[in-house]
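One gets the working numbering by counting positions in the sequence shown from 1 and adding 87 to each.
Cβ atoms here follow ideal geometry from the backbone N, Cα and C, with glycine treated the same way.
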Amino acid sequence: MRVSKKPVLYSILIGLLLMTISYFFQPLMPFQSIAHRGASALAPENTLASFEKAIELGFDYIELDVRLSKDKQLVVIHDANVLRTTDGEGLIEDLTVKELKKLDAGSWFSPAFAGEKIPLLNEVLKEVSGKTGIIIEMKSPENQPGMTEILADMLNSYKPDNQIKVQSFHINEIKKFHQLAPEIPAGLLLSKHLDLFHLASYRDFASFLSVHHLLLSKSFINQAELFGYEIYSWTISKQYQFADMQRLGVHGIISDDEKRIPDSIIYVLITPFLKGQDFFKTLLA
Numbered sequence: 088m089r090v091s092k093k094p095v096l097y098s099i100l101i102g103l104l105l106m107t108i109s110y111f112f113q114p115l116m117p118f119q120s121i122a123h124r125g126a127s128a129l130a131p132e133n134t135l136a137s138f139e140k141a142i143e144l145g146f147d148y149i150e151l152d153v154r155l156s157k158d159k160q161l162v163v164i165h166d167a168n169v170l171r172t173t174d175g176e177g178l179i180e181d182l183t184v185k186e187l188k189k190l191d192a193g194s195w196f197s198p199a200f201a202g203e204k205i206p207l208l209n210e211v212l213k214e215v216s217g218k219t220g221i222i223i224e225m226k227s228p229e230n231q232p233g234m235t236e237i238l239a240d241m242l243n244s245y246k247p248d249n250q251i252k253v254q255s256f257h258i259n260e261i262k263k264f265h266q267l268a269p270e271i272p273a274g275l276l277l278s279k280h281l282d283l284f285h286l287a288s289y290r291d292f293a294s295f296l297s298v299h300h301l302l303l304s305k306s307f308i309n310q311a312e313l314f315g316y317e318i319y320s321w322t323i324s325k326q327y328q329f330a331d332m333q334r335l336g337v338h339g340i341i342s343d344d345e346k347r348i349p350d351s352i353i354y355v356l357i358t359p360f361l362k363g364q365d366f367f368k369t370l371l372a
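Next up, the structure:
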């Protein structure tokens, strides 16, 4: 006797539909919007133009990177070399502030930003004070002696009208920063999972964790919250990723562009196809 496959197929389709509806109608939790190197999709990264654009868009925080110049000044730039984001060449640690200030940090992005300069951290603090929060990433502090101490001294003497936080991948330097500036929230950048032991031990000096979005899960966030951490995800660029992070309940989302919140049934319907498109692009890459 031939058994019809239609009831089985219908059951599978109904099950998938119910799972999809259940997933997409989970509440989208509010989050703090964090501008990655400023509004870096709209202006040259880590410049005053980028930070001003982020403020205009209403971001809760700007995220920026600092390195030490040859004359031990905190310079706002991501790379160790100026080549990618200026018209010059050379390592930050080999150039003085005077030399760095001669460089054009805007034309590589667009002629509209020609003449934009590499800012010093104290210039950024002065410019954005009272307008938005700041998350400062120390770049390779373990290879730049004195960076952590200089940053701690600057922030201890600075009386901000806005909230300032400091983060790094380097655990020992964040631990040192917390000892030197205990009133400034410090956090760890993560590109791998942490177990419960490390979550517990790092809480002595870190109050938040910035985690690559692919590593995040509801169970990890629940565990981290048990120890009182805030969780930020980096770096988000696609609209469905914003919704995914909100459903997980992250406290902050680091992105290059203005925060995006899905607000229509059309978005709900096309999201599976957007995810599938990204999946197949990854397979074919």
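For the alpha helix (DSSP H) containing residue i, list its first residue and its last residue.
i	result
R124	Note, R124: premise wrong, no alpha helix (DSSP H); not H, not E.
D158	No alpha helix (DSSP H) contains D158, which DSSP labels as neither H nor E.
T235	M234 to S244
R334	Q326 to L335
K185	V184 to L187
F264	I258 to L267
A287	L283 to Y289
A130	No alpha helix (DSSP H) contains A130, which DSSP labels as neither H nor E.
F292	F292 -> no alpha helix (DSSP H), and no H or E assigned at all.
S197	No alpha helix (DSSP H) contains S197, which DSSP labels as neither H nor E.
Taking the beta carbon of residue i as the centre, do at least 16 other beta carbons fall within 10 Å, making it buried, or is it exposed?
i	result
T358	Its pLDDT being 49, under 50, T358 is placed unreliably by the model, and nothing is read from it.
F284	exposed
P131	buried
H280	exposed
N333	According to the sequence shown, residue 333 is Gln rather than Asn. With 16 or more other Cβ atoms within 10 Å, it is buried.
K189	exposed
P228	buried
L302	exposed
D331	buried
Q380	Residue numbering for the chain in the displayed model covers 88 to 372; residue 380 lies beyond these limits and cannot be assessed.
K226	buried
Q328	buried
S278	exposed
I108	Unreliable positioning characterises I108 in this predicted model, as indicated by a pLDDT of 47, which lies under 50. A coordinate reading is not provided.
With a Cβ-Cβ cutoff of 8 Å, do residue i and residue j count as a contact?
i	j	result
Q250	E224	no
N243	A268	yes
A201	T172	no
I340	I121	yes
L374	A126	Lying before the first or after the last residue shown, residue 374 is absent from the chain, which here runs from 88 to 372.
T183	D158	yes
L276	S304	no
L208	V153	yes
I149	T219	yes
V337	F146	no
S288	E317	no
I142	V211	no
L155	Q231	yes
L161	I271	no
E180	T134	no
If we ignore side chains and look at the alpha-carbon of each, how far apart do residue i and residue j end up?
i	j	result
S342	H300	11 Å
A164	L286	It should be pointed out that residue 164 corresponds to Ile in this sequence rather than to Ala. Their Cα atoms are separated by approximately 30 Å.
D240	M234	10 Å
I221	L335	24 Å
Y319	E139	22 Å
L187	I205	7 Å
W321	A136	22 Å
F196	H123	16 Å
G315	N259	20 Å
E176	A199	22 Å
From what residue to what residue does the beta strand (DSSP E) around residue i run?
i	result
R154	Y148 to L155
Sort out for me which residues DSSP pairs residue i with in a bridge.
i	result
S320	V298 and I340
N309	For N309, which the question treats as bridged, DSSP gives no partner whatsoever.
V253	I223 and A273
N168	L178
V163	V153
L207	V162
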